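Residue numbers (our numbering), protein chains in the order written: chain A, 1 to 253; chain B, 1 to 253. We treat Cβ as the ideally placed atom computed from N, Cα and C, and that holds for glycine. Just so you know, these numbers come straight off a predicted model, no measurement behind them.
2 protein chains.
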Amino acid sequence: MTEYNDPAVRYYQEVFDQCIHYLSIDGVIFGFHQNQLKVLLLRWKGTDAWSLPGGFIRKAESVDVAAQRIMQERTGLDALYLQQFHVFGEAVRYDQEATWRKINLPVDGAKWSERTISLGYYALVEHSKVIPTPDFLTEVCAWWSLDDVPALLFDHNHIIAVALLSLRKDFNDQPLNHLLPDTFTIPELQRLHETILGLSLDGRNFYKKVMASGQLERLSERRAGTPHKAPFLYRFKPSEPTNRLPTLEAKTA
Amino acid sequence: MTEYNDPAVRYYQEVFDQCIHYLSIDGVIFGFHQNQLKVLLLRWKGTDAWSLPGGFIRKAESVDVAAQRIMQERTGLDALYLQQFHVFGEAVRYDQEATWRKINLPVDGAKWSERTISLGYYALVEHSKVIPTPDFLTEVCAWWSLDDVPALLFDHNHIIAVALLSLRKDFNDQPLNHLLPDTFTIPELQRLHETILGLSLDGRNFYKKVMASGQLERLSERRAGTPHKAPFLYRFKPSEPTNRLPTLEAKTA
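Spelled out as structure tokens, the structure:
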């Protein structure tokens, strides 16, 4: 049984012993960079196969704590802004045998779990603060623009699609400042809104609405390195605890 | 070990053998009756302790299918309108030993599961079509107005509170017709909106908005047995697949 010397199989044995069976957590970690909404993906060792970050819940661990632990390990960030968004509980979510072959795991090692129900969480993080960190099953952890995400392992393309729909649905309840650096320009803020909503917004209306919300303050600095007239930098007023912007109606530009 | 003759303990042994460990489903079944939003509750045999309906997921069963099965058994309704709304995953959700004593289960029978993570679903049902049916652990299945719900077993008061918040948040995406009989009056529809939102709405604005949505049609009949001028009956137009009403802004009457 040489395959049981495989560290991955030993890991799954450990999970079997210490974690809740049949349940996993998958994380869609959203970041905003270069005017694009991005997600953090992992490439599995010795393959060109990518997946979302994920993990398992220890037997006496709160589900939310497990999600924090898993996302922290991949980002280096404490106290991430996390949101449960869906339970992926189909009896057969994907072809398990074919998937395990792709990532070079011995297929009979998969027997420990006939199925996994996944609890989907999304995180909103500030791109520049993340230190993408693979786990010991993977060798690359990297940002992918949502438009370029390749065909992923498991049902992870589906999970991302549902996460994005949930983020859109929750849009007006989400503290978007988690996705932004401390200072930003109004066009950058507008692009973030447009990217999440999948819509074009009218620039002048957008400016009026976000300024009318009273939650932003203009700094005296402007964005450096901008070719044309440099736009001013803004930040969320520190006194506003939620940093939420008002409901925005979409207007095609 | 006479306690293992207890049918409840035998049931939990069966659950242990056939279902996914550590996971349960709890259902908040919402109905609308006599201008009140109500939930379906169960009274446990030989006690005055009430809980939500719930159950477990078979090892090869989809989570959504399990939820349908569980809610169908308590309501007699097929193909209920169900919505996942939250995973209750705290490491300690309630005092398990005290709870099991309240419902006369031998406490060491609880050892099969040190904890349960609950997947919360809410259902929107038409009150008049439901046949409330207890399971073999309970002896009464009955509607309770949300305002009168007693202190429940487990963390079920908390689960109802989160379900109601979720229903409010999802309000404009929900097909409310599931909560209504085929025909209804505008004041009844308004009361349903007010009850879910926990707000008073201005009657004239409400009427204008719902009529402007174009989704309702007035019948020639009026509500019988109304003391004053009998209001007309309406129904959702059969041609509208979603039967969703437009976003309503709250106005205190």
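Query: In whole angstroms, give me the CA-to-CA distance for Gln185 (chain A) and Val149 (chain B).; Result: Gln is not the amino acid found at residue 185 (chain A); the sequence shown has Thr there. Approximately 50 Å, taken between the alpha carbons.
Query: For a test of the three-state rule: what should DSSP assign to Ser128 (chain B), helix, strand or coil?; Result: helix
Query: Closest to Gly27 (chain A) by CA distance: which of A:Ser51, A:Gln215, A:Lys59 and A:Pro175 is it?; Result: A:Ser51
Query: Among residues of its own chain, excluding the 5 on either side of Gly55 (chain B), which ones have a beta-carbon nearer than 6 Å to its beta-carbon?; Result: Ile25 and Ile70
Query: Report the neighbours of Glu90 (chain B) on chain A: residues whose CB is nearer than 7 Å to its CB, in chain order.; Result: Ser62
Query: Mind pulling the alpha helix (DSSP H) runs of 4 or more residues that sit fully within the segment 132-219 of chain A?; Result: 156-169, 186-197 and 203-212
Query: Report the partner residues of Gly54 (chain B) according to the DSSP bridge assignment.; Result: B:Asp26
Query: Please work out which residues of its chain come closer than 7 Å, Cβ to Cβ, to Ala212 (chain B), disregarding the five sequence neighbours upstream and downstream, and give them in chain order.; Result: none
Query: Once you ignore the five residues that flank Leu182 (chain A) on each side, which residues in its own chain have a CB closer than 8 Å to its CB?; Result: Here residue 182 (chain A) turns out to be Asp, not Leu, going by the sequence shown. Excluding positions up to five away in sequence, the list reads Arg235.
Query: Distance check for Glu139 (chain B) and Lys45 (chain B), CA to CA, integer angstroms please.; Result: 5 Å
Query: Of the choices B:His158, B:Asp6 and B:Ala67, whose alpha-carbon is the least far from that of Pro106 (chain B)?; Result: B:Asp6
Query: If you count every other CB in all the chains shown that lies within 10 Å of the CB of Ala163 (chain B), and 16 or more means buried, which is it?; Result: buried
Query: Can you tell me whether His228 (chain B) is buried or exposed? The criterion is at least 16 other CB atoms within 10 Å of its CB, across all chains shown.; Result: exposed
Query: Verify the CB distance criterion: does Ile186 (chain A) have a CB-CB separation below 8 Å to chain B?; Result: no
Query: On the DSSP letters alone, give me the boundaries of the beta strand (DSSP E) that Gln83 (chain A) sits inside.; Result: Tyr81 to Phe88
Query: Is Gln96 (chain B) helix, strand or coil when you go by DSSP?; Result: helix
Query: In three-state DSSP terms, what is Gln36 (chain B)?; Result: strand
Query: Please check if any C-beta of chain A sits within less than 8 Å of the C-beta of Glu97 (chain B).; Result: no
Query: Report the three-state DSSP secondary structure of Glu221 (chain B) (helix, strand or coil).; Result: strand
Query: Distance, Cα to Cα, Thr133 (chain A) vs Tyr22 (chain A)?; Result: 26 Å
Query: Kindly list the residues whose CB is nearer than 7 Å to the CB of Lys278 (chain B), restricted to its own chain and excluding five residues on each side of it in sequence; keep chain order.; Result: It is not possible to answer for residue 278 (chain B), since the shown part of chain B is limited to 1 through 253.
Query: Comparing C-alpha positions only, which one of B:Gln34, B:Glu188, B:His127 and B:Phe85 sits nearest to Ser166 (chain A)?; Result: B:Phe85
Query: For Gln83 (chain A) and chain B, any beta-carbon pair shorter than 8 Å?; Result: no
Query: In the segment 187-211 of chain B, which residues sit with their C-beta less than 9 Å from some C-beta in chain A, listed in chain order?; Result: none
Query: Express the C-alpha separation of Leu219 (chain A) and Ala123 (chain B) in angstroms, rounding to a whole number.; Result: 49 Å
Query: Grab me the residues of Thr99 (chain B)'s own chain with a C-beta within less than 8 Å of its C-beta, minus the 5 sequence neighbours each way, in chain order.; Result: Leu153 and Phe154
Query: Give me, in chain order, the residues of the same chain whose beta-carbon lies closer than 8 Å to that of Gln36 (chain B); leave out the 5 immediate sequence neighbours on both sides.; Result: Ser145, Leu146, Asp147 and Thr195
Query: In terms of DSSP beta bridges, what is Arg43 (chain A) paired with?; Result: A:Trp50 and A:Val140
Query: Is the Cβ of Lys59 (chain B) closer than 8 Å to any Cβ of chain A?; Result: yes
Query: Using DSSP's beta-bridge definition, name the partner residues of Ile117 (chain A).; Result: A:Leu23
Query: Taking the beta strand (DSSP E) that Leu77 (chain A) falls in, what are its first and last residues?; Result: No beta strand (DSSP E) contains Leu77 (chain A), which DSSP labels as neither H nor E.
Query: What are the residues that DSSP puts in a beta bridge with Ala123 (chain A)?; Result: A:Ile29 and A:Leu82
Query: So that I know if they touch, is there some Cβ in chain A lying closer than 8 Å to that of Tyr22 (chain B)?; Result: yes
Query: Taking the alpha helix (DSSP H) that Ala60 (chain A) falls in, what are its first and last residues?; Result: Neither: Ala60 (chain A) is in no alpha helix (DSSP H) and is coded neither H nor E.
Query: Here's the rule: buried if 16 or more other CB atoms are within 10 angstroms of the residue's CB, otherwise exposed. What is Pro238 (chain B)?; Result: exposed
Query: Would Asn243 (chain A) count as contacting chain B if we go by Cβ distances under 8 Å?; Result: With a pLDDT of 47 at Asn243 (chain A), under the threshold of 50, the predicted position of this residue should be treated as unreliable, though the coordinate-derived value follows. Not closer than 8 Å to any Cβ of chain B, the Cβ of Asn243 (chain A) fails to qualify, so no.
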